[in-house]
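Colleague:
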Amino acid sequence: MTEHRFDRRATPAAIQAAATWFARLRGPDGRRLRPAYARWRLRNAARAKVAAEIDDVWGLAGALADDPAIRELIDGAPSASAQARRGQGAAWTRRAAALAAFVLAGAAGGGLALHFGVGAPVRSEVYQTALGEQRSVTLSDGSTIRLDTATRLTVEMRPRRRDIRLAEGRARFVVARDPTRPFVVEAGPARVEALGTVFDVRLDAGSAAVNLFKGAVEVRNNEHGSVRPVRLAPGDGVRVAASAEPLMVARFDRDGAWGWSDGRLVFAGASLAQVAAELNRYGPGRLVVSGAAGQRFRGELKAGDVDGAATVLSALYDLSVRRAPNGDLVLAPR
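Residues 1 to 334 in full-length UniProt numbering are what the sequence shown lists, from first letter to last.
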């Protein structure tokens, strides 16, 4: 038997509501109810998460209504079963009734574990890089992920969705197209959904930046459902803050933004303080700017090469270079 456990933070009431909506949407009034269902999901991120998990269970269930192990539970959902007997979307309604009945039975106990005779367990894989390290991974669907320095993410390949949770750092996603399984990346307050596309997500100081290189993605604030989501076209970028501020789409330098995956750090008018901070993400050596932090740099540096960067910047801005007792390289006016 396959087991699916809902998020421990999901309350029985939330699970019950999501399961009820699921069954209603697959009944004869499903089309009419969809706008109300969309509003219900948007009011609360936790609701949206439970509803998405219900969809996963549906994908695992397969021919759920005919499984003898839950026949008794199906019969215990009279209204939905009655609809099925009247022929109103019989095949879909019976399966929806089975799922709703099973969910409601589990939710009544304050927790939920669903067991089916079909499908496969959801597996979580954690990928991470150390300071200064980059790596690429290929997922089971053919998608690839390029992890930048000091990055950690979790991958869950589900029957109806491909879920990624970026906990820290930056990653590039080259998504294998599959219209039946959206590719969803969550990073702090941001939620990015794609089908087949190429995009970067960077999590930094509680906000997430998304840059799209190819295809299309929808970006939303996962913590504030009132914020209108945006759809990006290639060359568009957006930053998602933890607050409820509107999402503002802006164009970005595609060549410069692509560079990090090749070991190139491209700057377009960044202050020397910002340049040093970006270089220091790749360690272990550190660059410190003293007294000239406001100078602006436009150019390209090699990731992790603090000595080389210090040589270039000192020559451009007539700065001295000294090594501090702790090993840091310090740039300062002569």
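Note that beta-carbon positions come from the ideal geometry of N, C-alpha and C, so glycine has one too.
#1: Does the beta-carbon distance from D255 to R286 come in below 8 Å?
#2: Nearest-angstrom Cα distance between R158 and H224?
#3: So Q274 is in the alpha helix (DSSP H); what residue range does that whole segment cover?
#4: I'd like to know whether the C-beta atoms of R181 and R161 end up nearer to each other than 8 Å.
#5: For the stretch 265-274 against the stretch 227-238, are there 3 or more C-beta pairs whose distance is under 8 Å?
#6: Could you check what DSSP says for G110 in three-state terms: helix, strand or coil?
#7: If contacts are defined as beta-carbon pairs under 8 Å, then R152 and R172 qualify, I think. What distance do you get, rounded to the angstrom?
#8: Please state whether DSSP places H115 in a helix, a strand or coil.
#9: Under three-state DSSP, which class holds L313?
#10: Please classify E133: does DSSP put it in a helix, a strand, or coil?
#11: Measure the Cβ-Cβ separation of A46 and W21 and say whether it is below 8 Å.
#12: With a threshold of 7 Å, establish whether the CB of V288 neighbours any heavy atom of the ligand FMN.
#13: So, helix, strand or coil for G196, using DSSP?
#14: Can you grab the Cα-Cα spacing for the pair V137 / R334, in whole Å?
#15: How would you label L331, buried or exposed, when you count the other beta carbons within 10 angstroms and need 16 or more for buried?
#16: Between the Cα of E300 and those of V289, W260, R323, P325, spot the shortest distance and give me the residue it belongs to.
#17: So, is D200 buried or exposed, given that buried needs 16 or more other C-beta atoms within 10 angstroms?
#18: Just curious, the alpha helix (DSSP H) that D255 is in, first and last residue?
#19: Looking at L166 and P179, is the spacing between their C-beta atoms short of 8 Å?
#20: Classify S143 as buried or exposed, calling it buried when 16 or more other Cβ atoms lie within 10 Å of its own Cβ.
#21: DSSP three-state call for G269: helix, strand or coil?
#22: Taking L287 as part of the beta strand (DSSP E), name the residues at either end of that continuous run.
#23: F252 to E133, Cα distance in whole Å?
Modeller: The short version:
#1: Result no, Cβ atoms of D255 and R286 do not sit closer than 8 Å.
#2: Distance between the alpha carbons of R158 and H224 is about 25 Å.
#3: That run of the alpha helix (DSSP H) goes 272-280.
#4: Closer than 8 Å, so yes.
#5: Not touching, per the Cβ criterion.
#6: With a pLDDT of 42 at G110, under the threshold of 50, the modelled position of this residue cannot be trusted; read the value that follows with caution. If DSSP states are grouped into helix, strand and coil, G110 belongs with coil.
#7: Between R152 and R172, the beta carbon gap of about 15 Å keeps them out of contact (Cβ cut-off 8 Å).
#8: Interpretation of H115 is limited by its pLDDT of 42, a score under 50 that renders its predicted location unreliable; no figure is taken from the coordinates.
#9: Three-state DSSP puts L313 in a helix.
#10: Under the three-state reduction of DSSP, E133 is assigned to coil, being neither helix nor strand.
#11: Taking 8 Å as the Cβ cut-off, A46 and W21 do not qualify as a contacting pair.
#12: Here there are no bound small molecules, and the ligand FMN is not part of this structure.
#13: DSSP places G196 in coil when its eight states are reduced to three.
#14: Each residue's Cα considered, the two are about 46 Å apart.
#15: L331 is buried by the Cβ-count criterion.
#16: Among V289, W260, R323, P325, the Cα nearest to that of E300 belongs to W260.
#17: The residue is buried, with at least 16 neighbouring Cβ atoms inside 10 Å.
#18: For D255, the uninterrupted alpha helix (DSSP H) run begins and ends at 254-258, by DSSP.
#19: With contacts defined by Cβ atoms closer than 8 Å, P179 and L166 do not form a contacting pair.
#20: Per the 10 Å Cβ criterion, buried.
#21: Correct three-state label for G269: strand.
#22: The continuous beta strand (DSSP E) containing L287 extends over residues 287-289.
#23: Approximately 25 Å between the Cα atoms of the pair.
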